[in-house]
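Quick note, the sequence shown lines up with residues 249 to 353 if you use our numbering. Backbone N, C-alpha and C define an ideal beta-carbon position, used for all residues, glycine too. Quantities reported herein were computed from a predicted structural model and do not represent experimental measurements.
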Amino acid sequence: MPELLSVGYAAIDKIEGNDYFGGAAAGIAINGKVFGVDTGLLALFGTDERSVRYTNLLNEIGVDITLSPRLPGISIPINEISELNQIGEWHDNGVAELSPHVVVS
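In structure tokens form, the structure reads like this:
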């Protein structure tokens with residue numbers, strides 16, 4: 249078990265048409281790793297291309313995502329921001345519906 253386990257969302261921030269890796273829980277896990285902490289992330293991922301890209305990045309960085317399920321039929325959430333400094337439009341893509349029902353044993 250990692251020293252720091254971050255639980256919550258990994259998401260894509262789509263800002264002015266460009267994709268960026270986001271999500272508070274994922275950001276905490278990544279920053280913990282940058283500071284030398286053994287980190288893990290518990291977040292839901294789909295099997296879509298964006299989810300695969302994100303999980304590949306997390307693996308490369310060394311964030312433990314073994315507790316993060318990859319579920320068919322959902323996509324990673326997207327926070328779409330059309331202009332900088334504007335509130336985004338959140339598309340949970342089915343993840344929020346499933347989140348309360350995921351149990352890790």
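Per-residue DSSP class, three states only, for residue i
i	result
GLY280	helix
GLU251	coil
ALA272	helix
THR287	strand
GLU264	coil
VAL350	Bear in mind that the predicted position of VAL350 carries a pLDDT of just 48, short of 50, making it unreliable; the figure below should be weighed with that in mind. If DSSP states are grouped into helix, strand and coil, VAL350 belongs with coil.
GLU331	coil
ILE324	coil
Alpha-carbon spacing of residue i relative to residue j, whole angstroms
i	j	result
GLY336	ARG298	18 Å
ASN304	ASP267	15 Å
GLY271	GLY294	15 Å
SER330	ILE322	23 Å
GLY284	ALA277	11 Å
VAL282	VAL300	21 Å
Heavy atom of the ligand MG within 6 Å of residue i beta-carbon
i	result
PRO250	The ligand MG is not part of this structure, which contains no ligands at all.
Beta carbon of residue i nearer than 7 Å to that of residue j
i	j	result
GLY280	LEU252	yes
GLU308	LYS262	no
TYR325	ALA259	First, the residue type needs correcting, since residue 325 is Pro and not Tyr in the sequence shown. Closer than 7 Å, so yes.
Same chain, Cβ closer than 6 Å to residue i, neighbours up to 5 away in sequence not counted
i	result
LEU306	ILE313
Cβ-Cβ separation, residue j to residue i (assumed contact under 8 Å), whole Å
i	j	result
PRO250	ASP286	5 Å
GLY288	VAL311	7 Å
Cβ shell of residue i (< 8 Å), same chain only, five flanking positions each side left out
i	result
HIS349	Unreliable positioning characterises HIS349 in this predicted model, as indicated by a pLDDT of 49, which lies under 50. A coordinate reading is not provided.
TYR302	ALA258, ILE260, PHE269, ALA274, PHE293, ILE324
SER353	With a pLDDT of only 39 at SER353, under the threshold of 50, the placement of this residue in the model should not be trusted; the figure read from the coordinates follows. Nothing meets the Cβ criterion.
PRO320	GLY294, THR295
Same chain only: Cβ atoms within 7 Å of residue i, ignoring 5 sequence neighbours per side
i	result
VAL255	ALA273, LEU290
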